[in-house]
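Under my numbering, think of the first position of the sequence shown as 4, with each following residue one higher. Each residue gets a CB set at the ideal place from its N, CA and C atoms; glycine is no exception. Take a look at the structure set out below.
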Amino acid sequence: MKILRNVLEKITQKLDKERIDDYEVNESIPRDVVSVDLENGQTKIYIPEDYDYAQYEIDDFLRSKSSMIRTTTETERDITVMKVDKTLTINQIYDLIRFIIKHYDFCSIKG
Numbered sequence: 004m005k006i007l008r009n010v011l012e013k014i015t016q017k018l019d020k021e022r023i024d025d026y027e028v029n030e031s032i033p034r035d036v037v038s039v040d041l042e043n044g045q046t047k048i049y050i051p052e053d054y055d056y057a058q059y060e061i062d063d064f065l066r067s068k069s070s071m072i073r074t075t076t077e078t079e080r081d082i083t084v085m086k087v088d089k090t091l092t093i094n095q096i097y098d099l100i101r102f103i104i105k106h107y108d109f110c111s112i113k114g
């Protein structure tokens with residue numbers, strides 16, 4: 004968990020330094036915005052039903068960062084959970100969060 008806090012702190016510092024305000028850090032995953040969970044070294048992206056098409060755009064974005072990255076999705080009630088099979092670097096996670104903010108206006112980060 005200490006590694007997660009360190010990664011989360013570095014990412015939020017970079018976002019704050021660039022004056023990006025369209026994110027929040029939560030203890031839980033909200034059901035109305037695209038969210039990122041970095042727990043246990045595996046990145047999960049939670050996509051609400053209203054943004055269902057986002058899974059394809061996010062998958063394409065991640066593959067543009069590295070051709071070795073693959074994702075799997077499963078639906079849990081009214082939310083799609085996208086799991087990334089590789090551990091992402093801090094810069095890749097930061098870029099992912101920036102991508103989500105740019106395309107979906109807001110990102111929640113579980114932390």
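Item                                                                                                                : Value
Of the residues 78, 74, 14, 101, the one placed nearest residue 46, counting alpha carbons only                     : 74
Range covered by the beta strand (DSSP E) that runs through residue 60                                              : Segment 57-68 is the alpha helix (DSSP H) holding residue 60; no beta strand (DSSP E) there.
Sub-9 Å separation of residue 107 and residue 36 beta-carbons                                                       : yes
Proximity to residue 41 [Cα-Cα], best of 95, 104, 17                                                                : 95
Enclosing beta strand (DSSP E) for residue 113 [first to last residue]                                              : 110-113
Nearest-angstrom Cα separation, counted from residue 57 out to residue 63                                           : 10 Å
Of the residues 98, 43, 114, 86, the one placed nearest residue 50, counting alpha carbons only                     : 86
Inter-residue Cα distance where the pair is residue 109 and residue 71                                              : 27 Å
Residue 54, enclosing beta strand (DSSP E) - first and last residue                                                 : First-last for residue 54: undefined, no H or E at that position.
CB of residue 99 within 9 Å of CB of residue 28, strictly                                                           : no
Own chain partners of residue 14 with C-beta closer than 8 Å, once the 5 adjacent residues on each side are dropped : 93, 96, 97, 100, 112
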